[in-house]
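In this note's numbering, the protein residues as written are 255 to 569.
Note sheet for the following structure.
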Amino acid sequence: MNSEIKIVSGRSNPDFANKIASAMHQDLSEVAIRNFSDGELWVKYEENVRGVDLYIVQSTFAPSDNLMELLLLIDAARRASASRITAVIPYFGYARQDRKDQPRVAITAKLVANLLSQAGADRVVTMDLHTPQLQGFFDIPLDHLYASTVTVRNLLQLGMNNLAVAAPDVGGVKTARAYASMLGNADLVVVDKRRPKHNVAEIMNIIGDVDGKNVIIVDDLIDTGSTFVKCAEALKEAGAETIVGSCTHAVFSGDAIDMITASNAISKLYVTDTIPLRKQSEKIEVVSVAGLFSEAIVRTHENQSISSLFEKAQS
Ligand code: R5P
């Protein structure tokens, strides 16, 4: 693209946006974001964005104001005549409600995809959507990045042998298989998880042999920590040696971090910086994926291939 490139940040994860901008040797563009006394949001670009190839960085974890802020930033950019608006959403929230799994519920993943297009986004760049099929919910181009492009390097550095990769539920099998292949044909294990009610996980079965194995549990997100901790404990009981987690989005609600830190079954957990870490823990290490996003932005701007960034990581 010939037009100038600018990066702006919402308030959900400004450190991440700053890392993207500095990897591109530029500053974030100035934008004012304020709340009226009742909480209503107001945004204003403090510099000209007319004709600009604009990238708005905002993760949409709770509260929903993060999403609303992104929508306002897109709308303001469109009205200020930016030539192309890309919503860079490191963590795409509201993705877990992706089907009518019971009567009279909303499909929020589709609703948010519609809102982004309606606000005026021309494209989206995101990472490890809850399920890859969500890409089909968007009627605008979407580039889907994989954290494994970066995190597998850290996992390999642990130098663990006799490895198995565990999917914490059947939905995670494809991702776990991709990790197993990138980690040198590790074994694949599937944990049969049920949800008796919201935010509660119950482990029913472990499919595969983990006795004496070092196991890496991979997941797109950890929210309450219930899935991850129960999964690790079930694997340990089945004879696993060391258990390490690799999770992209550190949602970490409630006392998730304390639960993970306290669990004897868990040795280490890698998370990325798509969401700022709420609290430090000696077991949790943050791996930055900002460099991958900056590379994706540069390639989008220059109309180059994005898929070549993560060919091996595709799940
Ligand atoms: C489920 O499909 C996801 O991949 C995560 O395993 C799940 O959302 C984690 O939730 P929680 O940490 O609350 O168990």
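Glycine included, C-beta positions come from ideal geometry on N, C-alpha and C.
Small disclaimer: the values here were computed from a predicted structure and weren't measured.
Output the distance between the C-alpha atoms of alanine 334 and alanine 363, rounded to the nearest integer angstrom.
Separation of alanine 334 and alanine 363 (C-alpha to C-alpha, rounded to the nearest whole angstrom) is 28 Å.
Leucine 410 versus valine 427: straight-line alpha-carbon distance, rounded
Straight across, the Cα-Cα distance linking leucine 410 with valine 427 is about 20 Å.
Other residues of its chain near aspartate 393: CB distance less than 7 Å, five sequence neighbours each side excluded
Around aspartate 393: Ser371.
Would leucine 365 be called buried (16 or more neighbouring beta carbons within 10 Å of its own) or exposed?
Under this definition leucine 365 is an exposed residue.
Per DSSP, the bridge partner or partners of alanine 286:
Lys298, per the DSSP bridge assignment.
Taking 7 Å as the line, does the beta carbon of asparagine 453 fall inside it for any heavy atom of the ligand R5P?
Within the cutoff, so yes.
Let me confirm a value: proline 357 is counted as buried when at least 16 other C-beta atoms fall within 10 Å, else exposed. Which label applies?
With fewer than 16 other Cβ atoms within 10 Å, it is exposed.
Could you name the residues that DSSP lists as bridge partners for lysine 447?
Ile457.
Hey, would you say phenylalanine 482 sits closer than 8 Å to isoleucine 511, going by beta carbons?
No.
With distances taken Cα to Cα, identify the nearest neighbour of asparagine 256 among Ser562, Thr496, Asn557 and Asn302.
Asparagine 256 has its Cα closest to that of Asn557, out of Ser562, Thr496, Asn557 and Asn302.
Considering only heavy atoms of the ligand R5P, does any lie closer than 7 Å to the CB of arginine 350?
Yes.
In or out: glycine 493 buried (at least 16 other Cβ within 10 Å) or exposed?
Per the 10 Å Cβ criterion, exposed.
Distance, Cα to Cα, glycine 576 vs asparagine 267?
The structure shown has nothing for residue 576, since the chain only spans 255 to 569.
In the DSSP assignment, what are the bridge partners of tyrosine 309?
Answer is Ile261 and Thr340.
Give the straight-line distance between the Cα atoms of alanine 516 and leucine 523, rounded to the nearest whole angstrom.
Alanine 516 and leucine 523: Cα-Cα distance of roughly 13 Å.
Using the Cα positions of serine 521 and arginine 449, report the straight-line distance between them to the nearest angstrom.
Serine 521 and arginine 449 have their C-alpha atoms some 25 Å from each other.
Identify whether leucine 396 lies in helix, strand or coil by the three-state DSSP scheme.
Correct three-state label for leucine 396: strand.
Along the chain, where does the alpha helix (DSSP H) containing asparagine 272 start, and where does it finish?
Start and end: 268-277.
Let me know if asparagine 201 comes out buried or exposed under the rule of 16 or more other beta-carbons within 10 Å of its beta-carbon.
The structure shown has nothing for residue 201, since the chain only spans 255 to 569.
Tell me whether serine 318 is buried or exposed, calling it buried when 16 or more other Cβ atoms sit within 10 Å of its Cβ.
With fewer than 16 other beta carbons inside 10 angstroms of its own, serine 318 counts as exposed.
Through-space distance from aspartate 307 to alanine 455, alpha-carbon basis
Cα to Cα, the separation comes out at about 43 Å.
Tell me whether the beta-carbon of leucine 399 lies closer than 8 Å to the beta-carbon of glutamine 389.
No; because the gap between Cβ atoms is not below 8 Å, this pair is not in contact.
I'd like the span of the beta strand (DSSP E) that includes arginine 377, first residue to last.
Run containing arginine 377: 377-381, per the beta strand (DSSP E) assignment.
Contact test: serine 517 Cβ vs the ligand R5P heavy atom, cutoff 7 Å
Every heavy atom of the ligand R5P is 7 Å or more from the Cβ of serine 517, so no.
DSSP on threonine 481, reduced to helix/strand/coil?
Note: threonine 481 maps to helix in three-state DSSP.
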